[in-house]
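Here is the structure we will look at, set down as structure tokens.
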Amino acid sequence: MTAALGSAVSTIAAVCEFTGGKRTFISLLFSGLSIGSIAALAALGFLLMQKATGVISFAQGDMITLGAYIAIWWMRDQDVYWLLAYPLTLVMMFVIGIGLERVAYAPLKGRSIHVVVIATLGAALVIRAIIALWQDTTPTSLYSPLKGRDPVKIGGAAIPPVKIAVFVVTLIVVFIMIMVFNKTQFGRQVRAIASDRPTARLHGVAATKMSMIAFGLSTALAGLAGILIGPTQSVDLTLGFGAMLAGFSAAILGGFGSLGGVVIGGFMIGLSEQIVGGYCLREYKSAFPYILMLIVIAVRPQGLFSRGAAHGRL
Amino acid sequence: MLEIENLVVSYGAVEAVRGVDLSVSAGEVVGLLGPNGAGKTSTLRAASGLVSYGGSVRFDGKEVSRLGVEKAAKAGLIHVPEGRHIFPTLTVHENLQVGATARAGRADGYSFEEVYALFPALAGMRDRGGWALSGGEQQMLAVGRALVAAPRLLMLDEPSLGLAPILVKAVFGALRKIAERTPVLLVEQNTVMALKLCHRAAVLSGGRIVLSGTAADLSDRSAILDSYLGQERVHDAEVEHLKA
Amino acid sequence: MAASDSTTGRGRPVGTLKRPPVFRGQPYSAIVAFLVALVVFRLVWVDGLANEKQANTWLLYSVLVIGFYFVFGVSGQFAFSQAAFAGLGAYTSQWASKNHSFWLGLAAALASSAVISMLFALLVKRAAHFYFAIATLGVSEILILVFEKWKSLNGGLGGEVTNIRDISIFGRALDSYGEQFAFLLVLLGIVMTLGAWLERSPFVRENIANRDHEVVSKTLGIPSLQLRVTSFVLGSVLAGLTGACWGALNGFIETLTWGVELGLGVFLMLILGGIGSRWGAIVGAWFYTYIVDFLDKAEKEFPSLIGGRQIVYGGVLVIVMIALPDGIVGIWGRIRRPKAGAARQASTPNWLVTLLGLKRASRPEPLAAAETEASDDTLTDPTSAGTAPSAPSAADPTSARASTAGDGPALVADTIAVSFGGVKAVAGVSLTLHQNEILGLIGPNGSGKSTFLNAVNGVVPATGSLSINGQPVRLGNSAGVRKAGLLRTYQTPQTFLHLSCIENVLLSTADRRYTGIAAAWFLRPLMLKHEKARWARAEAALERVGLLDKAERSAAGLSYGQQRLLEVARVIAAEPTIILLDEPSAGLNAAETQILARHLRSLRDEGISLLVVDHKIDFISDLCERVAVLELGTLVAEGDPVTIWDDERVINAYLGVADDDDPVGMDDASATVATAATPRPASPGSTGSEA
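Protein chains in written order, with the numbering used here: chain A, 9 to 322; chain B, 9 to 252; chain C, 13 to 703.
What follows is the structure in structure tokens.
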């Protein structure tokens, strides 16, 4: 037993380097939180859609990319001030989401969810191609009013304000979504549709309208994620795909059920990558979120934070 | 108010309803009785537009299939499905709030407080999740959820399903009060209770109406029992009767 | 189909059916003909280095997608990991062959892809559908990162490995495209043959059953997890094989090749070509190989078209899903449909079509629809429900019973309870089924009859205890229940629509020896010997229910009543000692019901014990020696079918009891529950319900 413990400790010592002190830790912590926020934002989009329609959209990643590119288009090409460009982007994304509902969901109504999922896969490829045709494939960058500002000093570590913004905005959005879901008639109707579609219709909940709104909102959320992620890295066609994968992982950790659980799942993803990966096996740090996800699927497939097993499964 | 003419419902090759005529007028309480698999539930599902059908179902003169499920509900045709179908992820009160969606501005419906007064058991558990309710509580909530929509016709599918007698009694007690205000189409297998509530009733067997009349006409248990047990028993009974 | 049509109605004598349709035809000559055609194609049409290379790529993709056919097409697993496992094969192979031969590298590739895919499949064994899909995306990302970062594996150049050793045969390196084509031709031939052998073995049909309805498969004794993992590993090993050859043939690998784009491409190839056959994989691979080339050329001519490739992929995917769910091979199959014994997919819409609801399956309602049974827990007292299991005294007035009574009861279910959420559907039911008995179980809607069967069968979580033929069996262990000799039928017939009738029956046969993948490849004579015995048994069972002339038809083509009979045949072929039947008469007309009763009686005469749940009272009274009545999840009465209808509690259970302005009736209502354990009812008339 002690021998095993000793060998475990020496293995950890061999692959981990605990250096840099408090400052490094704080800066890793904030990197983790901002990456986790991105995962959570990506997850919130498809979670909303999944709740209202049962569909998990593989197009969500490319919608994030599209959101970033639309914002670039407004600000760089049309020279619109950011305060106006952001809402314009979100509105456009909302409309595009309704379009996606009309093209890839409504015509397939009555068919299994699987066909819709494969259709969203096709839609993802089409969206990516349209972006490539429209904005070509060379990496570019997205302006942010916070870009180039002086880093914020927290506990001695210099944190770029863009990262803090991602974190703060995510918290605000999550708070708003939790309120909307739990306290408004719209939220209740979405949850009713998600849990029992025919019965919700029997009580007058307009299923078609709800699914259009849900697609619109979730696509707008993808746009918001794009606006927030864009400035933290270079923007190219693969921008959203990684975020979507992280979002899937976050949703699996959270159990595809509660919004709060998914956000915590997102933070766990980000922190496992930045903090664990920051000290141990640094080269492989981007694998940690997936390893964490696989462990959760193996041990607790209903997610870490879902109450009843019955509600967590897809 | 509700007119069903020559209704046919089939699932694949199986015909569940084979030409049913039925109507409910304002102020009436009508029962639809019969054994398992007789086509009662299918009739209701057609009436609320959930399944496609042959023949015609008109609510206030409008064809239900053309209205669609949601619009029919908003017009006041409220269907409480078999097995209650409470939204498990919503609390008791939220279930009621969703139920109010179909109210569409009608003023004469029940308020939340009236529902809680009608079913005091629910009042103490407003914030309990739908998944945690017992069968009886679920049934009360399902009825309450329909009432807050200000139904102009309430269609109930087997409200006594799987409930212990004392709860059946409670549910029917509430239904009696409800029926004073709202017309009801009641699908039931508990014939005794149903006939006490209804003004008139029809008995379905094998997708057809085999017996209909006022509740008093139908109160002879043996006739209904025969329709449950099938023709052979009727013959047996007749033979025994003759022997006697 | 034409062949079986011609015999319809005549009733084929047993033994004339030599083998099920999938075991017929000429797969080997088809494979040889295809390979010859490939040689001709290569010699006549392909010239120029670029085209030669492309032809090789096509063959490589074909192997990769045939692997995916087993994962997704046969086993129904939504996996995006095929490309990553090919990468795994490529990297381990180049590593292991650095100082040795290609063949050592190949062995390492096969071993690594087998081990890692098996570990992965076992790790995520509880993940269903999208969870599994997302998990495969995750494992792909991890693998690709490892290829990129692990220096001792990739030589430290960030995943780019050059100068990979050529394939060599007896010291002769295959360094021309022509030689490589020949090598790939042989490889594809081997893979096709191995695939054909699997198709002609129990392996594929059991996978299909498991894919289409896992729960039902389990209750038939099919090892569900084992099949799923085996198929996934098989596909991943074929991917590893492809990767190893890829590296050796191109002499160069990079991580980019094995990314999600190829993962989606594999998906696209299979769906496009046709998900229902190995040929679809080859056709899809052809299309993908050549359209990539076409788009590359178009992009060179018109630079503004960069990215147009994905539009084409995406568009093709959506269009194929909607318009051509059987893929390109499906079109061919549609033209050739009349031929009997053609490939599986020709006769039925493929499983994806049914799954996606593109064409309506003929089955009216899924199993889950029957699960609405529920009862209330507030009044029922589980302990009061125990009708003594040993009360057969009044049970068997009929003399038909054989003299096996001394063997002890066939089935003893003791205080079985099931609850869903806050609702107790079965509240402590104890029931004994004697040897050679037909016991009826009746009760109103929602009284818990089906749930009780599901609990005994191990498909819903339940408490209590169970013993079958004197052997205790753990509740929830459906495989154990089947092993003990208990089989069942379902409220809506659960047949496998993508299998022929005889294959449906073959699924349940008790002899499960030599059904695995190893037997299909290495012990074919033994496998076939046992298969022949199984065929004979299945044929006999089909003959017995009168479906022999439909043996080769797809189960999807049967009427509702025939599907029920097919289910009965499947149960008979399993050589059960106990059969549970859930509403066997539902959907049958009077004549069909009588035929059913006759079948059930003759089964009883052969020593099988039956528990029949039904709501046709005539049928039950006619058939059963003893009837138990369930209400609100508890037993309220047990007795012979003639006297049980004199029991007021039974009539009350069916017609309901009087309400509050009838105090006597109300008393009786509570008595319904409270007196359940007493053997005789209160005297008739005491309810005064019509007062």
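Here a beta-carbon is modelled for each residue, glycine too, at the ideal position from N, C-alpha and C.
- Query: Roughly how many angstroms separate the alpha carbons of SER213/C and THR589/C, rounded to a whole number?
  - Reply: Counted from its first residue, the third sequence places residue 213/C at position 201. Counted from its first residue, the third sequence places residue 589/C at position 577. For SER213/C and THR589/C, the distance between alpha carbons rounds to 27 Å.
- Which chain C residues are close to GLU109/A, counting only those with a beta carbon under 7 Å from its beta carbon? Working through the first sequence from its first residue, we reach residue 109/A at position 101. Simply none; closest approach about 15 Å.
- Query: In chain order, which alpha helix (DSSP H) runs of at least 4 residues are fully inside the region 178 to 220 of chain B?
  - Reply: 199 to 205
- Query: To the nearest whole angstrom, what separates the beta carbons of LEU150/A and VAL243/A, a pair I think is in contact under 8 Å?
  - Reply: The residue given as residue 150/A occupies position 142 in the first sequence. The residue given as residue 243/A occupies position 235 in the first sequence. About 5 Å separates the two Cβ atoms, so the contact holds.
- Could you name the residues of chain A that GLU172/C contacts, counting a contact when the two beta carbons are closer than 9 Å? Your numbering for residue 172/C matches position 160 in the third sequence. Result: empty, since nearest Cβ-Cβ is about 16 Å, beyond 9 Å.
- Task: Ignoring anything shorter than 4 residues or poking outside the region 593 to 633 of chain C, list the alpha helix (DSSP H) runs there in chain order.
- Result: 602 to 617
- Item | Spatially closest choice to ASP178/C from ALA123/C, ALA553/C and LEU118/C, by CA coordinates | If you number the third sequence from 1, residue 178/C lands on position 166. The candidate whose alpha carbon is nearest that of ASP178/C is LEU118/C.
- Does the beta-carbon distance from ALA95/C to GLY277/C come in below 9 Å? Here residue 95/C is taken as the residue at index 83 of the third sequence, counted from 1. Here residue 277/C is taken as the residue at index 265 of the third sequence, counted from 1. Contact: yes.
- Is the CB-CB distance between GLU166/B and GLY458/C below 9 Å? Indexing the second sequence from 1 puts residue 166/B at position 158. Indexing the third sequence from 1 puts residue 458/C at position 446. In this structure, GLY458/C lies closer than 9 Å to GLU166/B by Cβ.
- Note down, in chain order, each residue of its chain lying with its Cβ closer than 6 Å to the Cβ of ILE80/A, except the 5 sequence neighbours on either side. Within the first sequence, residue 80/A is the residue found at index 72, counting from 1. Counting only residues of its own chain and dropping the five nearest sequence neighbours on each side, ILE80/A has a CB closer than 6 Å to the CB of LEU150.
- In chain C, which residues lie less than 9 Å from LEU302/A when you measure between Cβ atoms? Counting from one through the first sequence, the residue named residue 302/A turns up at place 294. What LEU302/A touches in chain C: PHE132, LEU135, VAL136, ALA147, GLY150, VAL151 and ILE154.
- Task: Count the C-beta pairs between the region 107 to 123 of chain B and the region 148 to 158 of chain B that are closer than 8 Å, then say yes if the count reaches three, no if not.
- Result: Yes, the region 107 to 123 of chain B is in contact with the region 148 to 158 of chain B.
- Message: Does chain B have any CB closer than 9 Å to the CB of GLY212/A?
- Response: As a working note, residue 212/A is residue 204 in the first sequence. Yes, GLY212/A lies at the interface with chain B (some Cβ there is under 9 Å from its Cβ).
- the region 21 to 50 of chain B: positions lying closer than 7 Å to chain C by Cβ: ALA21, VAL22, PRO43, ASN44 and GLY45
- Does the separation of the CB atoms of LEU577/C and GLY599/C fall below 9 Å? Walking along the third sequence from the start, residue 577/C turns up at place 565. Walking along the third sequence from the start, residue 599/C turns up at place 587. The answer is no: Cβ separation not under 9 Å.
- Message: 9 Å is my cut-off, CB to CB: does GLU385/C come that close to chain A?
- Response: Taking the third sequence and counting its residues from 1, the one referred to as residue 385/C is at position 373. The predicted model places GLU385/C with a pLDDT of 33, which falls under 50 and marks its position as unreliable, so this point remains unresolved.
- Task: List the residues of chain D that LEU130/B touches, going by C-beta distances under 8 Å, in chain order.
- Result: Any reference to chain D falls outside this structure, whose protein chains are A, B and C.
- Quick one: which unbroken beta strand (DSSP E) runs of 3-plus residues sit fully inside the region 112 to 154 of chain B? Chain order, please. none
- Quick one: is PHE249/A buried, meaning 16 or more other Cβ sit within 10 Å of its Cβ, or exposed? Against the first sequence, residue 249/A aligns to sequence position 241. So PHE249/A counts as buried.
- Query: Counting only runs that start and end within the region 187 to 233 of chain A, where is the alpha helix (DSSP H) found for 4 or more residues in a row?
  - Reply: 193 to 203 and 205 to 210
- Item | As assigned by DSSP and simplified to three states, the class of MET8/A | Past the boundaries of the shown model lies residue 8/A; chain A is included only from 9 to 322, so the question cannot be answered.
- Query: Do you know offhand how far HIS141/C's Cα is from GLN58/A's?
  - Reply: If you number the third sequence from 1, residue 141/C lands on position 129. If you number the first sequence from 1, residue 58/A lands on position 50. Approximately 14 Å between the Cα atoms of the pair.
- Item | Exposure of ALA358/C, with buried meaning 16 or more beta-carbon neighbours within 10 Å | For the purposes of this step, residue 358/C is taken as the residue at position 346 of the third sequence. Its pLDDT being 36, under 50, ALA358/C is placed unreliably by the model, and the measurement read from it follows with that caveat. By the 10 Å Cβ count, ALA358/C comes out buried.
- Item | C-alpha distance - THR527/C paired with GLY288/C, whole-angstrom precision | Along the third sequence, one-based indexing puts residue 527/C at 515. Along the third sequence, one-based indexing puts residue 288/C at 276. Rounded to the nearest angstrom, the two C-alpha atoms are 21 Å apart.
- Please classify LEU149/C: is it buried, with 16 or more other beta-carbons within 10 angstroms of its beta-carbon, or exposed? Residue 149/C sits at position 137 when you count from the first residue of the third sequence. Classification of LEU149/C: buried, given that the 10 Å Cβ count is 16 or more.
- Item | Between the CA atoms of GLU660/C and GLY651/C - distance to the nearest angstrom | As a position in the third sequence, residue 651/C is number 639, starting the count at 1. As a position in the third sequence, residue 660/C is number 648, starting the count at 1. Straight-line Cα distance between these residues: approximately 13 Å.
- Item | Selection of the region 449 to 480 of chain C by Cβ proximity to chain B, strictly under 9 Å | PRO456, ASN457, GLY458, SER459 and GLY460
- Message: Would VAL517/C and ARG610/C qualify as a contact pair, given that the criterion is a beta-carbon distance under 9 Å?
- Response: Here residue 517/C is taken as the residue at index 505 of the third sequence, counted from 1. Here residue 610/C is taken as the residue at index 598 of the third sequence, counted from 1. No; because the gap between Cβ atoms is not below 9 Å, this pair is not in contact.
- Using a threshold of 9 Å, state whether the C-beta atoms of ALA306/A and LEU135/C are closer than that. For the purposes of this step, residue 306/A is identified with residue 298 of the first sequence, where counting begins at 1. For the purposes of this step, residue 135/C is identified with residue 123 of the third sequence, where counting begins at 1. Here ALA306/A is near LEU135/C, since their CB atoms are less than 9 Å apart.
- Task: For HIS627/C, go through chain B and note every residue whose CB falls closer than 8 Å to its CB, in chain order.
- Result: In the third sequence, residue 627/C corresponds to position 615, counting from 1. Ordered by position in chain B, the residues that pass the 8 Å Cβ test against HIS627/C are PRO43, ASN44 and GLY45.
- Query: Under the three-state reduction of DSSP, which class applies to THR527/C: helix, strand or coil?
  - Reply: Residue mapping note: residue 527/C aligns to position 515 of the third sequence, counting from 1. Secondary structure at THR527/C: coil, using DSSP grouped into helix, strand and coil.
- Query: Apart from the five residues just before and just after PHE90/C, which ones in its own chain have a Cβ nearer than 8 Å to its Cβ?
  - Reply: Here the question's residue 90/C lines up with position 78 in the third sequence. Excluding five sequence positions before and after PHE90/C, the CB atoms of its chain that fall closer than 8 Å to its own CB belong to PHE84, HIS141, PHE142, PHE144, ALA145 and THR148, given in chain order.
- Note down the Cα distance separating LYS230/C from ASN222/C, rounded to an integer number of angstroms. In the third sequence, residue 230/C corresponds to position 218, counting from 1. In the third sequence, residue 222/C corresponds to position 210, counting from 1. C-alpha separation (whole angstroms): 8 Å.
- Where do the ends of the alpha helix (DSSP H) carrying ARG66/B lie? For the purposes of this step, residue 66/B is taken as residue 58 along the second sequence, with counting starting at 1. Run containing ARG66/B: none in the alpha helix (DSSP H); it sits in the beta strand (DSSP E), 62 to 67.
- Sequence-distant residues of its chain with Cβ nearer than 6 Å to LEU164/B (five each side left out): Residue mapping note: residue 164/B aligns to position 156 of the second sequence, counting from 1. VAL88 and LEU194, listed in sequence order.
- Message: If the criterion is Cβ atoms closer than 9 Å, does the pair VAL38/B and ARG216/B meet it?
- Response: By 1-based counting over the second sequence, the position of residue 38/B is 30. By 1-based counting over the second sequence, the position of residue 216/B is 208. Taking 9 Å as the Cβ cut-off, VAL38/B and ARG216/B do not qualify as a contacting pair.
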